[in-house]
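For reference, the structure discussed in these notes is given below.
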Amino acid sequence: MFILGLTALSGMAQSDSLRCGSQLISVGDRMGEVQQKCGQPISQDIIGYKETVNHFRQVDQVQVQEWVYGPNNGMYQYLRFEGGRLVGIDSKRGR
Numbered sequence: 070m071f072i073l074g075l076t077a078l079s080g081m082a083q084s085d086s087l088r089c090g091s092q093l094i095s096v097g098d099r100m101g102e103v104q105q106k107c108g109q110p111i112s113q114d115i116i117g118y119k120e121t122v123n124h125f126r127q128v129d130q131v132q133v134q135e136w137v138y139g140p141n142n143g144m145y146q147y148l149r150f151e152g153g154r155l156v157g158i159d160s161k162r163g164r
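Residues in the sequence shown are numbered consecutively from 70, following the numbering used here.
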């Protein structure tokens, strides 16, 4: 309940899936799948790199990108990709 209140206060809502027209995208989808279903985002930014450890215990660096879609009924969708995979979907009113 407390976490839900913090999310409401921040003005952002987080989700594991998003509807693009009649298509549905979900966390885990590849960038190409998202672009095919949702079209070109209004903004695409590389926001940095993240270190990950693979199953061989080797450290890899993956690119982190943020794509923005909208507005749709006054809401913008912020999609975060790490290593080409969708890892987060946030919605925010206004920009």
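Idealized CB from N, CA, C, for every residue including glycine.
The structure presented is a predicted model; accordingly, all values stated were derived computationally and were not measured.
In its own chain, which residues sit with a C-beta less than 6 angstroms from the C-beta of residue i, not counting the 5 before and 5 after it?
| i | result |
| --- | --- |
| Arg162 | Gly143 and Met144 |
| Glu120 | Val128 and Gln130 |
| Ile94 | Leu87, Val103 and Lys106 |
| Ala82 | Ser160 |
| Gly139 | Tyr145 and Gln146 |
Drop a sphere of 10 angstroms on the beta-carbon of residue i, count the other beta-carbons inside from all chains shown, and report buried for 16 or more, exposed for fewer.
| i | result |
| --- | --- |
| Ile115 | exposed |
| Gln109 | exposed |
| Asp85 | exposed |
I need the boundaries of the beta strand (DSSP E) containing residue i, first residue and last residue.
| i | result |
| --- | --- |
| Gly157 | Arg154 to Arg162 |
| Gly117 | Ser112 to Val122 |
| Val103 | First-last for Val103: Met100 to Cys107, but that is the alpha helix (DSSP H), not the beta strand (DSSP E). |
| Arg88 | Ser86 to Cys89 |
| Gly143 | Neither: Gly143 is in no beta strand (DSSP E) and is coded neither H nor E. |
Leaving out five residues before and five after residue i in sequence, what residues of the same chain have Cβ atoms less than 8 angstroms from its Cβ?
| i | result |
| --- | --- |
| Leu75 | Since pLDDT at Leu75 reaches only 39, below the 50 mark, its modelled position is unreliable, and no value is offered. |
| Val133 | Ile115, Ile116, Gly117, Tyr118, Lys119, Arg149, Phe150 and Glu151 |
Where residue i and residue j are concerned, what is the direct C-alpha to C-alpha distance, given to the nearest angstrom?
| i | j | result |
| --- | --- | --- |
| Ser91 | Cys107 | 10 angstroms |
| Glu135 | Val96 | 14 angstroms |
| Tyr147 | Ile158 | 6 angstroms |
| Met100 | Cys89 | 14 angstroms |
| Ile111 | Asp98 | 19 angstroms |
| Gly153 | Val122 | 16 angstroms |
| Asn141 | Arg126 | 42 angstroms |
Excluding sequence positions up to five away, which residues of its chain have a Cβ less than 7 angstroms from the Cβ of residue i?
| i | result |
| --- | --- |
| Leu78 | Reliability fails at Leu78, whose pLDDT of 43 lies under 50, so the model's placement of it is uncertain and the value that follows must be treated cautiously. Taken in chain order, the list of residues that qualify is empty. |
| Gln113 | Gln134 and Trp136 |
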